[in-house]
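Asker: Have a look at the structure that comes next, please.
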Ligand SMILES: [Zn+2]
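Residue numbers (my numbering): 1 to 246.
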């Protein structure tokens with residue numbers, strides 16, 4: 001079987017002496033891991049092609065055991081997002097989250113593909129808003145993969161949450177929890193009303209609305225901590241790039 005498609009590079013790891021195993025999110029077939037033969041040789045035609053979040057035009061061949069990349073051409077490399085350490089770190093984190101959270105046979109891959117394209121576009125166009133865009137991206141990934149519960153309801157008893165009451169976030173259910181259910185649930189974390197509003201806004205609104213938000217650094221940091229925790233709980237591992245910064 002031959003596949004000719006566009007693909008985002010999500011992850012790569014060394015394989016044998018000269019090859020990489022490359023994980024792609026393809027526009028036509030979703031998440032695919034393929035061997036890119038000879039791609040670690042200095043003279044390789046794939047030099048510079050397999051950077052994280054490159055959007056490439058790719059030809060794949062499915063052998064009985066593996067997918068093999070037979071041709072790759074960069075369509076867009078988002079070079080503006082890779083010029084300094086901080087923005088490169090941001091991309092690494094997001095690619096790591098996608099790599100670990102997207103299941104192999106994920107049916108709504110085309111929505112994720114559009115989501116990535118849109119968020120990378122906004123990160124390039126609005127670098128001053130990158131902190132907001134990054135957390136919005138994480139929320140949308142969690143939403144699409146069913147990692148985060150609906151924020152209008154208690155994630156335990158499923159009753160509508162009363163906006164006048166205190167809010168808690170429950171890491172067992174990955175969602176908000178009402179004050180009645182709070183007693184027998186742990187671990188939990190009380191979160192501010194502002195953070196809940198911000199979380200809900202991210203959850204429900206498109207990026208062009210999200211970037212207009214004014215917010216407190218403290219609230220965004222709280223969201224970042226919650227999202228990092230639920231993602232790490234979901235994939236049962238620590239995300240390496242978090243050790244560098246947020
Ligand atoms: Zn409840």
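Ideal Cβ positions, reconstructed from N, Cα and C, are used throughout, including at glycine. Values in this document were obtained by computation on a predicted structure and should not be read as measured data.
1) Where does residue 223 sit, in a helix, a strand or coil, going by DSSP?
2) Output the distance between the C-alpha atoms of residue 166 and residue 188, rounded to the nearest integer angstrom.
3) If we ignore side chains and look at the alpha-carbon of each, how far apart do residue 75 and residue 199 end up?
4) Keeping to the same chain, check which residues put their C-beta closer than 6 Å to that of residue 226; ignore five residues upstream and five downstream.
5) In terms of alpha-carbon separation, which member of 177, 215, 234 lies closest to residue 143?
6) How big is the Cα-Cα spacing for residue 25 and residue 180?
7) Going by DSSP, what residue range makes up the beta strand (DSSP E) through residue 190?
8) Only counting runs of 4 or more residues, tell me where the alpha helix (DSSP H) segments fall wholly within the segment 129-193, in order along the chain.
9) Closest by CA to residue 91, which one among 61, 59, 57, 130?
10) What whole-angstrom Cβ distance do residue 21 and residue 12 have, given they're in contact under 8 Å?
11) Mind checking residue 162: buried by the 16 CB within 10 Å criterion, or exposed?
12) Helix, strand or coil for residue 33, going by three-state DSSP, please let me know.
13) Does at least one heavy atom of ligand 1 sit under 7 Å from the Cβ of residue 191?
14) Report yes or no: do three or more beta-carbon pairs, one from the segment 72-87 and one from the segment 106-125, lie closer than 8 Å?
15) Where the beta carbon is closer than 5 Å to any heavy atom of ligand 1, which residues qualify, in chain order?
16) Could you give the distance in angstroms between the alpha-carbon of residue 27 and the alpha-carbon of residue 183?
17) Which residue spans inside the segment 38-125 form an unbroken beta strand (DSSP E) run of at least 3?
18) Applying the criterion that 16 or more other CB atoms from any shown protein chain within 10 Å of the CB defines a buried residue, is residue 222 buried or exposed?
Answerer: The relevant details are as follows:
1) helix
2) 13 Å
3) 34 Å
4) 169
5) 234
6) 42 Å
7) 188-191
8) 130-144
9) 130
10) 7 Å
11) exposed
12) strand
13) no
14) yes
15) 154, 156, 157, 178, 181
16) 45 Å
17) 55-62, 67-76
18) buried
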